[in-house]
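A.B. asks: Protein chains in written order, with the working numbering: chain A, 15 to 431; chain B, 15 to 431. Every residue, glycine too, gets a C-beta built ideally from N, C-alpha and C.
Now the structure itself:
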């Protein structure tokens with residue numbers, strides 16, 4: 015058949031997204047489907063059921079990542095992969111991650127019902143724990159699969175209640191036996207909401223990021239001296255929360271001080287004993303630094319560490335710093351990025367060449383094979399929140415771009431690009 | 015008998031304190047006996063058992079406050095009261111509150127075994143929820159008893175899990191039927207650890223505070239805009255945690271800016287959604303301001319509110335402020351304060367005329383009747399922490415001062431001072 019006229023079924027894509035949004039639905043219209051929670055398990059069960067309905071060969075690896083394989087005409091050629099993640103942030107939205115999984119599923123269903131055969135096999139994937147909000151770091155399963163992270167280290171990562179990621183994989187029944195280890199892959203696409211304001215501001219439908227910013231995570235632990243606030247004079251206090259407050263502001267002004275493309279954020283803080291009439295004696299907070307330029311981000315961290323040491327020294331609050339996680343910036347494959355832009359143009363959608371500030375499993379996949387992403391607009395630029403939203407027609411447009419990118423790439427029968 | 019030679023039994027006082035320290039004992043050597051918890055109930059049960067062993071008449075009022083009455087020779091005269099509280103801070107110490115209750119019990123036991131009759135009746139008291147760390151505000155039962163706070167308002171106060179103080183009183187079986195309403199009281203003494211460094215610094219054993227600083231509590235709620243940190247540019251962010259950080263530092267510099275005797279502290283903060291890659295959209299924090307001069311503290315608050323409004327306006331983080339609690343400074347009865355100093359001198363203990371920075375039930379009792387406190391040194395000035403400590407001989411000395419202050423005051427047979 016002439017696949018150039020093929021389109022995905024927008025209504026069916028919407029129905030799948032709406033069905034998934036019921037799992038972990040929050041009263042304010044978002045979802046909470048933390049990695050390896052019962053909600054994650056229910057979403058996985060439904061996903062696997064849908065994969066089997068269209069005869070995909072389901073594999074689950076040691077990190078719980080779910081692969082669904084569709085045979086190619088030349089099944090010995092390396093496959094083209096596409097997917098994202100079904101887990102969410104706490105009080106997160108109904109599109110982040112799940113759109114790329116349901117979008118790829120919709121492509122697979124479209125190929126299935128039209129009996130389209132591709133030269134290369136296709137694989138749909140749901141990566142375990144992309145968000146990293148329950149178990150840090152994020153994108154852990156794609157990191158292990160790509161060989162950038164250690165499996166056993168990932169298993170040992172704990173949530174705030176001290177439960178280990180490896181144990182929770184077993185608990186929800188998704189610790190597979192297939193090694194979490196990369197296999198030859200021809201290309202990887204990830205379809206995702208933008209999570210930023212650029213497409214909306216410029217009135218574009220499809221975004222093709224040239225790559226993903228680097229992503230550096232740090233954990234800072236401060237010690238102060240607890241005491242009853244009333245009888246303890248201001249001079250001589252060692253208030254860990256005041257030290258943290260200064261450091262939070264140092265993080266906030268960092269991009270301005272460093273100039274150049276960069277964001278820096280403190281998203282999380284724990285204060286102890288957290289009683290209103292006790293001087294805080296323990297504070298933990300996180301630092302997130304991102305830039306297109308890895309060296310620039312490292313220089314920024316060196317500057318920030320100097321600030322932190324100066325503040326901790328002056329306030330008498332001993333400090334421990336963990337350099338928790340670093341992912342280098344990921345410049346995507348230029349041919350695939352151009353294919354996304356060209357495909358959008360062919361289908362009549364406006365499009366934008368941009369960068370991705372958010373991290374994605376595509377960062378690690380980019381270390382394994384040629385990779386690109388397809389973005390659609392986030393209304394108001396909002397994401398990781400319950401009001402996160404994307405127009406249904408944009409979801410449909412993005413899935414059509416994904417369909418035709420996959421058709422083109424899977425039709426290539428050379429073993430190497 | 016000649017009561018001037020009478021002394022309390024230091025070993026028995028220590029044994030009682032050690033027995034109580036087992037209830038809610040923490041691994042690091044402190045106690046956690048939050049108000050109306052199961053640990054509080056167990057401490058109350060033991061306390062009531064001990065009161066009954068020496069034939070005190072036990073009464074429990076609607077706020078759960080426990081009174082133990084010892085008859086006077088002239089039992090129609092208004093009683094002299096002494097006590098403190100058995101509840102503790104989270105991860106608190108083994109002396110705060112409980113020393114005054116066990117010290118008074120030791121006085122009662124000494125009088126009992128020596129068959130000493132006092133002219134006036136004596137009452138030992140354990141006030142419910144002095145700490146205020148589970149249910150704000152602090153000193154709630156003495157506040158209701160003194161007529162400064164409303165009983166039903168106090169019942170409705172909730173802990174972080176949404177449990178009401180009134181319901182928790184019922185749950186632990188300590189919601190009595192006697193109205194929580196002041197009765198004619200001749201005088202009130204409260205024996206307590208200093209919780210500050212002054213006695214130790216000056217090498218004194220007994221402190222007699224001229225009164226308690228005023229105590230103002232505020233709650234600040236900020237709203238920001240949550241978003242994925244990576245794709246959200248720094249400009250245009252509404253980061254509630256950054257706004258809070260600036261406000262925390264404004265509180266910290268307030269005493270210096272206002273000059274004069276004052277302390278100001280942020281002890282508690284909650285940050286939401288508290289995920290390292292989401293810009294915080296909700297922050298709650300507390301403010302505690304204390305001064306000997308009520309007007310000065312109010313002026314400081316006006317200055318701070320201006321800072322807060324400026325910061326919230328500039329950062330685009332709408333703010334709600336609750337003026338949670340205000341207790342005026344409590345200048346104690348000069349005659350009783352002098353009696354503490356004189357008694358210490360007679361017994362051969364070094365002594366210091368000072369102020370109390372910590373709030374105590376004595377603040378509210380001071381509104382009902384002549385009041386004074388007896389302080390003993392806190393080692394290293396530390397309190398509200400597990401390492402809180404006071405030398406056993408100082409506990410004994412303080413209890414002896416209390417014994418003789420009570421004997422003197424309870425021997426006065428005029429109805430009014």
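If you draw a straight line from the alpha carbon of residue 74 of chain B to that of residue 184 of chain B, how long is it in whole angstroms?
C.D. replies: Locating residue 74 of chain B in the second chain gives position 60, counting from the first residue. Locating residue 184 of chain B in the second chain gives position 170, counting from the first residue. Cα to Cα, residue 74 of chain B sits roughly 12 Å from residue 184 of chain B.
A.B. asks: With the cut-off set at 8 Å, would you say residue 121 of chain B and residue 79 of chain B are in Cβ contact?
C.D. replies: Taking the first residue of the second chain as 1, we reach residue 121 of chain B at position 107. Taking the first residue of the second chain as 1, we reach residue 79 of chain B at position 65. Their beta carbons are not under 8 Å apart, which means residue 121 of chain B does not touch residue 79 of chain B by this criterion.
A.B. asks: Residue 108 of chain A lies in the alpha helix (DSSP H); which residues open and close that run?
C.D. replies: The residue given as residue 108 of chain A occupies position 94 in the first chain. Residue 108 of chain A -> no alpha helix (DSSP H), and no H or E assigned at all.
A.B. asks: Quick one: which chain A residues come within Cβ less than 7 Å of residue 256 of chain B?
C.D. replies: Counted from its first residue, the second chain places residue 256 of chain B at position 242. Within 7 Å Cβ-Cβ: 262, 263 and 266.
A.B. asks: Roughly how many whole angstroms lie between the Cα atoms of residue 296 of chain B and residue 236 of chain B?
C.D. replies: Stepping through the second chain from its first residue, residue 296 of chain B is reached at position 282. Stepping through the second chain from its first residue, residue 236 of chain B is reached at position 222. Approximately 6 Å, taken between the alpha carbons.
A.B. asks: Indicate whether at least one CB of chain B lies closer than 8 Å to the CB of residue 156 of chain A.
C.D. replies: On the first chain, residue 156 of chain A is found 142 positions in, with the first residue counted as 1. Not an interface residue.
A.B. asks: Would you kindly report the start and end of the unbroken alpha helix (DSSP H) that includes residue 346 of chain A?
C.D. replies: Indexing the first chain from 1 puts residue 346 of chain A at position 332. That residue, residue 346 of chain A, is in no alpha helix (DSSP H); it is neither H nor E in DSSP.
A.B. asks: Using a Cβ distance threshold of 8 Å, determine whether the segment 15-25 of chain A contacts the segment 134-151 of chain A, with at least three qualifying pairs required.
C.D. replies: Touching, no.
A.B. asks: By the criterion of Cβ-Cβ separation under 7 Å, what are the contact partners of residue 95 of chain A in chain B?
C.D. replies: Sequence index remark: in the first chain, residue 95 of chain A carries index 81 (1-based). The contacting residues do not exist; residue 95 of chain A stays about 23 Å from chain B at best.
A.B. asks: For a contact defined as C-beta to C-beta under 7 Å, what are the partners of residue 240 of chain B on chain A?
C.D. replies: As a working note, residue 240 of chain B is residue 226 in the second chain. The answer, in chain order, is 398 and 399.
A.B. asks: Tell me the rounded alpha-carbon separation between residue 59 of chain A and residue 186 of chain A.
C.D. replies: By 1-based counting over the first chain, the position of residue 59 of chain A is 45. By 1-based counting over the first chain, the position of residue 186 of chain A is 172. Using only the alpha carbons, I get a separation of about 10 Å.
A.B. asks: Can you find a C-beta in chain A that's less than 8 Å from the C-beta of residue 210 of chain B?
C.D. replies: In the second chain, residue 210 of chain B corresponds to position 196, counting from 1. Chain A, which has a Cβ nearer than 8 Å to the Cβ of residue 210 of chain B, makes this yes.
A.B. asks: Tell me the rounded alpha-carbon separation between residue 431 of chain A and residue 198 of chain A.
C.D. replies: Residue 431 of chain A sits at position 417 when you count from the first residue of the first chain. Residue 198 of chain A sits at position 184 when you count from the first residue of the first chain. Only weak support is given to the placement of residue 431 of chain A: the predicted model assigns it a pLDDT of 49, under 50, and the value that follows is read from those uncertain coordinates. So the alpha carbons of these two residues sit roughly 13 Å apart.
A.B. asks: Let me see if you follow: with CB-CB separation under 8 Å, is residue 431 of chain B close to chain A or not?
C.D. replies: Position 417 of the second chain holds residue 431 of chain B. Per-residue confidence for residue 431 of chain B stands at a pLDDT of 49, beneath the threshold of 50, marking its modelled position as unreliable; the derived number appears in the next sentence. Chain A contact via Cβ: absent.
A.B. asks: Taking three-plus beta-carbon pairs below 8 Å as touching, is the segment 364-379 of chain B in contact with the segment 222-235 of chain B?
C.D. replies: As far as the Cβ criterion goes, the segment 364-379 of chain B touches the segment 222-235 of chain B, which means the pair count is three or higher.
A.B. asks: What span of residues does the alpha helix (DSSP H) with residue 414 of chain A cover, start to end?
C.D. replies: Locating residue 414 of chain A in the first chain gives position 400, counting from the first residue. Counting along the chain, the alpha helix (DSSP H) containing residue 414 of chain A begins and ends at 406-425.
A.B. asks: With 8 Å as the threshold, decide whether the Cβ of residue 435 of chain A is near any Cβ in chain B.
C.D. replies: This structure does not reach residue 435 of chain A, given that chain A is present from 15 up to 431, and the question cannot be answered.
A.B. asks: Under 8 Å between the Cβ atoms of residue 68 of chain B and residue 134 of chain B?
C.D. replies: As a working note, residue 68 of chain B is residue 54 in the second chain. As a working note, residue 134 of chain B is residue 120 in the second chain. No. Outside cutoff.
A.B. asks: Determine which residues of the segment 142-173 of chain A have a Cβ less than 9 Å from any Cβ of chain B, and write them out in chain order.
C.D. replies: Result list: 145, 146, 147, 150 and 152.
A.B. asks: Does the segment 406-425 of chain A come close enough to the segment 32-51 of chain A that 3 or more CB-CB pairs lie under 8 Å?
C.D. replies: At 8 Å Cβ cutoff, the stretches do not touch.
A.B. asks: State the DSSP-derived secondary structure class of residue 288 of chain A, mapped to helix, strand or coil.
C.D. replies: Locating residue 288 of chain A in the first chain gives position 274, counting from the first residue. In the structure shown, residue 288 of chain A sits in coil (DSSP, three-state: anything other than H, G, I, E or B).
A.B. asks: Which stretch, first to last residue, makes up the beta strand (DSSP E) that contains residue 58 of chain A?
C.D. replies: Taking the first residue of the first chain as 1, we reach residue 58 of chain A at position 44. From DSSP, residue 58 of chain A is part of no beta strand (DSSP E) but of the alpha helix (DSSP H) over 52-67.
A.B. asks: Excluding the five sequence neighbours on either side, which residues of its own chain have a C-beta within less than 8 Å of the C-beta of residue 274 of chain B, listed in chain order?
C.D. replies: Reading the second chain from its first residue, position 260 is the one you call residue 274 of chain B. So the list reads 305, 307 and 310, once near-sequence residues are dropped.
A.B. asks: Which residues in the same chain have their Cβ closer than 6 Å to the Cβ of residue 358 of chain A, if we skip the five residues on either side of it in sequence?
C.D. replies: Sequence index remark: in the first chain, residue 358 of chain A carries index 344 (1-based). The residues are 220, 365 and 415.
A.B. asks: Tell me, please, whether the CB atom of residue 43 of chain B is closer than 8 Å to any CB atom in chain A?
C.D. replies: By one-based count along the second chain, residue 43 of chain B stands at place 29. So no, residue 43 of chain B is outside the interface.
A.B. asks: For residue 191 of chain A, count neighbouring C-beta atoms within 10 Å of its own C-beta (all shown protein chains included) and say buried if the count is 16 or more, exposed if not.
C.D. replies: For the purposes of this step, residue 191 of chain A is taken as the residue at position 177 of the first chain. Flag for residue 191 of chain A reads exposed.
A.B. asks: By the criterion of Cβ-Cβ separation under 7 Å, what are the contact partners of residue 380 of chain B in chain A?
C.D. replies: Residue numbering aside, residue 380 of chain B sits at position 366 when the second chain is read from its first letter. Going along chain A, no residue has its Cβ under 7 Å from residue 380 of chain B, so there is no contact; the nearest lies around 16 Å.
A.B. asks: For residue 393 of chain A and chain B, any beta-carbon pair shorter than 8 Å?
C.D. replies: As a first step, residue 393 of chain A must be located in the first chain, where it is residue number 379. No - not a single Cβ of chain B is within 8 Å of the one on residue 393 of chain A.
A.B. asks: Would you kindly work out how many angstroms separate the C-alpha atoms of residue 165 of chain B and residue 272 of chain B, rounded to a whole number?
C.D. replies: What you label residue 165 of chain B is simply residue 151 of the second chain in a count that begins at 1. What you label residue 272 of chain B is simply residue 258 of the second chain in a count that begins at 1. Distance between the alpha carbons of residue 165 of chain B and residue 272 of chain B is about 35 Å.
A.B. asks: Quick one: which residues of the segment 215-238 of chain B get their C-beta closer than 9 Å to a C-beta of chain A? List them in chain order.
C.D. replies: Under the 9 Å Cβ criterion, the segment 215-238 of chain B contributes 226, 227, 229, 231 and 233.
A.B. asks: How long is the line joining the alpha carbons of residue 302 of chain B and residue 232 of chain B, rounded to whole angstroms?
C.D. replies: Along the second chain, read from residue 1 onward, the residue named residue 302 of chain B stands at position 288. Along the second chain, read from residue 1 onward, the residue named residue 232 of chain B stands at position 218. Each residue's Cα considered, the two are about 7 Å apart.
A.B. asks: Can you have a look at residue 362 of chain B and say buried or exposed, based on whether 16 or more other CB atoms are within 10 angstroms of its CB?
C.D. replies: As a working note, residue 362 of chain B is residue 348 in the second chain. With fewer than 16 other Cβ atoms within 10 Å, it is exposed.
A.B. asks: Which two residues bound the contiguous beta strand (DSSP E) that contains residue 204 of chain B?
C.D. replies: Translated into positions along the second chain, residue 204 of chain B becomes position 190. Run containing residue 204 of chain B: 201-207, per the beta strand (DSSP E) assignment.
A.B. asks: With 9 Å as the C-beta to C-beta threshold (strictly closer), list the residues of the segment 273-286 of chain B near chain A in chain order.
C.D. replies: If the cut-off is 9 Å between Cβ atoms, the segment 273-286 of chain B has 276, 277, 278, 279, 280, 281, 282, 283, 284, 285 and 286 near chain A.
A.B. asks: Bridge partners of residue 368 of chain A, per DSSP?
C.D. replies: The sequence position of residue 368 of chain A within the first chain is 354, counting from 1. Paired residue(s): A/223.
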